[in-house]
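What follows is a set of notes on a single structure, which appears directly below.
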Amino acid sequence: MSGTTTAGPGAPGIVCAFAVTRTPPDAAALAAARGHEEGGPLRLVRAGGLCLVVQDVPAALFDQEALTERLNRPGDLERCARAHHRGVEAAAGRGPVVPLPMATLYRGDPTAARAVTDRREALEALLDRLRDRTEWAVKVHAAEAPPEPAAEAGAQAGAGAGAGGRAYLSRVSARRRDRQGAHDRALAEAEAVDAELRRYAVAATRHRPQSERLTGHRAPQLLNVAYLVEDARRAAFTGALARIAAARRPAVRIDASGPWIPYSFARWDEDSRFGPEAPAAPDREEVRS
-15 MSGTTTAGPG
-5 APGIVCAFAV
5 TRTPPDAAAL
15 AAARGHEEGG
25 PLRLVRAGGL
35 CLVVQDVPAA
45 LFDQEALTER
55 LNRPGDLERC
65 ARAHHRGVEA
75 AAGRGPVVPL
85 PMATLYRGDP
95 TAARAVTDRR
105 EALEALLDRL
115 RDRTEWAVKV
125 HAAEAPPEPA
135 AEAGAQAGAG
145 AGAGGRAYLS
155 RVSARRRDRQ
165 GAHDRALAEA
175 EAVDAELRRY
185 AVAATRHRPQ
195 SERLTGHRAP
205 QLLNVAYLVE
215 DARRAAFTGA
225 LARIAAARRP
235 AVRIDASGPW
245 IPYSFARWDE
255 DSRFGPEAPA
265 APDREEVRS
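In the working numbering, the protein residues as written are -15 to 273.
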């Protein structure tokens, strides 16, 4: 059975979907939440025992061509990502949610409801898996090394054969070995951190390390890991984080944040989009507000 509780205004328009849940959020809280600034209020679409939190959005800004253009602009991409996260948070007011990909769009409520009912079994299994669990993000960076002595490199770069040139090449080789050794030690420490935290998590997934341009650090990011943690084991997980932070690990720097809605563990089909009209989100770093 599929259907809706509240139909969108007028003829079928573009509906932006944020998340699926079994437990409808409080009506007042949903009305107070903000999704995309250009759209209407957040509302519910019911579909076979599940609820989809949606928002009516203008076609002029959210059709395929307009949306692709907007998501290629960094400022608009960030605004869309933050709006999507606000919608997911509103859906999660009373229980677990399955966040949908950013910019999941449908032509009208019936299409949105059908996308949920067609995948009801997978969604129900995911909601069971995510109940009473949250996500924690841990990023491990190599310790920032001092900059290369540019003056010496410039002075010796043109050194030819002879004792001076051989000495310079020997120093360059030694620095290269030192850098490789430092990188290997940092990787080993990062893997040790991951192994320890996995003892307290239900699941873990590694994301692609972020670039130095995004992190703002000169040193590379070695690990970017999300952990799914039982609420009952949260104290044990955060205790492990505290012990790791207190331990002397000179080769790495560790950043941790949470608890978050478990975006990283809400994917049941990595190869297909959620619905026939849901454009794939561009490659992006997750924005959390």
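Backbone N, C-alpha and C fix where the C-beta goes; we use that ideal spot for every residue, glycine too.
In this text the structure is predicted, and so the values were computed from the model without any measurement.
Just checking, does the region 4 to 14 make contact with the region 64 to 77 on the three C-beta pairs under 8 Å criterion?
Output reads yes: the region 64 to 77 touches the region 4 to 14.
Close beta carbons around P234, own chain, < 7 Å, minus the five adjacent residues each side
These residues qualify, in order along the chain: A127.
Rounded to the nearest angstrom, what separates A172 and H125 at their Cα positions?
C-alpha of A172 to C-alpha of H125: approximately 12 Å in a straight line.
Residue environment, E175, which counts as buried when at least 16 other CB atoms sit within 10 Å
With fewer than 16 other Cβ atoms inside 10 Å of its own Cβ, E175 counts as exposed.
Have a look at A219, F2, R192, A31 and flag the residue whose alpha-carbon is nearest the alpha-carbon of V82.
For the residues A219, F2, R192, A31, the minimum Cα distance to V82 belongs to F2.
For the region 219 to 228 and the region 193 to 205, state whether three or more C-beta atom pairs, one from each stretch, are separated by less than 8 Å.
Judged by Cβ distances under 8 Å, the region 219 to 228 makes no contact with the region 193 to 205, as fewer than three pairs qualify.
Measure from the alpha carbon of A219 to the alpha carbon of each residue in L110, G92, L181, then state which is nearest.
Among L110, G92, L181, the Cα nearest to that of A219 belongs to L181.
Given 7 Å as the limit, tell me if V(-1) has its C-beta closer than that to any heavy atom belonging to the ligand HEM.
Ligands displayed in this structure: none; no statement on the ligand HEM is therefore possible.
Who are P83's beta bridge partners in DSSP?
P83 pairs with A3.
Touching or not, the region 36 to 56 and the region 92 to 100, by the rule of three or more beta carbon pairs under 8 Å?
Output reads yes: the region 92 to 100 touches the region 36 to 56.
Distance, Cα to Cα, R6 vs A216?
Distance from the CA atom of R6 to the CA atom of A216, rounded to whole angstroms, is 21 Å.
By alpha-carbon positions, which one of L206, R183, P204 ends up nearest to G223?
Checked all of L206, R183, P204; the closest Cα to G223 is R183.
Inter-residue Cα distance where the pair is D10 and G79
Distance between the alpha carbons of D10 and G79: 11 Å.
In chain order, what residues of the same chain have a beta carbon less than 8 Å from the beta carbon of F221, not counting five sequence neighbours either side?
Closer than 8 Å at the Cβ level, and outside the excluded window around F221, lie W120, L181, Y184, A185, Y211, V213.
Cα separation between R27 and R169?
Each residue's alpha carbon lies about 51 Å from the other.
Need the endpoints of the beta strand (DSSP E) that Q48 sits in, please.
Segment 48 to 55 is the alpha helix (DSSP H) holding Q48; no beta strand (DSSP E) there.
For the candidate residues T52, E105, Q205, whose alpha-carbon lies nearest to that of I238?
Of T52, E105, Q205, the smallest CA-CA separation from I238 is found for Q205.
Whole-angstrom Cβ separation of G24 and D40, contact assumed at under 8 Å?
About 4 Å; that satisfies the 8 Å criterion.
Would S248 be called buried (16 or more neighbouring beta carbons within 10 Å of its own) or exposed?
The residue is buried, with at least 16 neighbouring Cβ atoms inside 10 Å.
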